[in-house]
Each structure stands twice: as C-alpha cells, then as structure tokens.
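The block underneath contains the structure these notes are about, expressed in structure tokens.
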Amino acid sequence: MASKPFKCGFVTVIGRPNVGKSTLINAFLGQKISIVSSIPQTTRYAIKGILTRDSYQIVFVDTPGMHIFKHRLASKLNNIPRDSLSYCDVILYVADLSRFPVEEEEYILRTVSKTGIPVIAVLNKIDKSKII
Ligand SMILES: Nc1nc2c(ncn2[C@@H]2O[C@H](COP(=O)(O)OP(=O)(O)O)[C@@H](O)[C@H]2O)c(=O)[nH]1
Ligand SMILES: [Mg+2]
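Going letter by letter, the sequence shown gives residues 16 to 147 in this note's numbering.
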C-alpha cells in the first residue's frame, strides 16, 4: 500500500500588535511556546513552533505585530514579520474584530499582498466583535 506523501511547510502569522497571534499559535500547538500578553510588542523575535503529525509538519512563525512606527524599535520590529514573509508557504493574517480597522490594517495587507503568497484571513476576538 502506498504511504501518504509527507508534507512540510512554513506558516507565518502576521497582524497588528495584540490581535491574538501568539494565542492562536499556542492553541494550534496545544502548548505555550509564545508569550501571550495584553501589552503590545511582547513578541520581539520571530518565534517558531513546530506541529508534527503522521503526514505533515507545520512550522508556525510567530511575529511581532506590524504597525506604522513612531519610534526606532517599532520600525525594526516591522523587519521581523517582513523577513518571515520571505520564506513562508502560507500567511495567516489575523484581524482583531474587537477594534475597528485602522491605517495599519491597510499597510499590513499591502505588504502581504505584494508577496504573492497564499493568505488565510483569521477573524479573531469574535466574542468581543464590534463589526459582525
Ligand atoms: N476576548 C478575546 N481575547 C483574546 C482572544 N485571543 C487573544 N486574546 C487576548 O488578546 C491579548 C493579546 O493576545 P496575544 O496572543 O499576545 O496577541 P499578539 O500580540 O497578536 O501575539 C491577550 O490578552 C489575549 O488573551 C480572543 O479570541 N478573544
Ligand atoms: Mg505575540
């Protein structure tokens, strides 16, 4: 009997600070690999979590939130998600429905769409949604 082909890929999780990216990755992995905090910019590096199953392996890349920067550190933090996009197979774009979209949303979507990489939109915090 032919065995299933083993698949492997990188998934970069991107979005504004505090939308729930780290929470989502921790939920996928069933363990806390990434800091979850209500304080924006807690994830300062691209943290990778690997989910391994019989027929696939997914490397989730958690990134600092992307935003329009007002100071130097924040500007550097934008480089991390941007670099993570250069090697991933799928992008998970996380939107926080408890807040109304702002300029940053457009900035991130513009960055993401330029890559040509398939994007899955995750509508998060629907429990506190102001939109749907
Ligand atoms: N109400 C609500 N809060 C959430 C949800 N997902 C994450 N959070 C909270 O949002 C805050 C930011 O989460 P975090 O994963 O650190 O966001 P990140 O900055 O995008 O990685 C934390 O206080 C989480 O507990 C959700 O679906 N609903
Ligand atoms: Mg985070």
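Positions of the beta carbon are idealized from the N, C-alpha and C atoms, including for glycine.
Could you pull the start and end residues of the alpha helix (DSSP H) that ILE123 belongs to?
-> 118–130 is the extent of the alpha helix (DSSP H) around ILE123.
Give the DSSP bridge partners of CYS23, in chain order.
-> Beta-bridge annotation (DSSP): CYS23 is paired with GLN72.
For ALA61, does the three-state DSSP call read helix, strand or coil?
-> In this structure, ALA61 counts as coil in the three-state DSSP scheme.
Hey, is SER37 close to ligand 1, as in C-beta under 7 Å from one of its heavy atoms?
-> Yes, the Cβ of SER37 comes within 7 Å of a heavy atom of ligand 1.
Going by the CB atoms, is the gap between LEU66 and ALA110 shorter than 8 Å?
-> Here ALA110 is not near LEU66, since their CB atoms are 8 Å or more apart.
Which residue comes first and which comes last in the beta strand (DSSP E) that contains LEU107?
-> Start and end: 105–111.
If you drop the 5 nearest sequence neighbours on each side, which residues of the same chain put their C-beta closer than 6 Å to that of GLY64?
-> Closer than 6 Å at the Cβ level, and outside the excluded window around GLY64, lie ILE40, LEU44, ILE48 and PHE75.
Look at the alpha carbon of GLN72 and the alpha carbon of LYS129, and state the distance between them as a whole number of angstroms.
-> So the alpha carbons of these two residues sit roughly 26 Å apart.
Which one or two residues does DSSP pair with LEU138 in a beta bridge?
-> Paired residues: ALA110.
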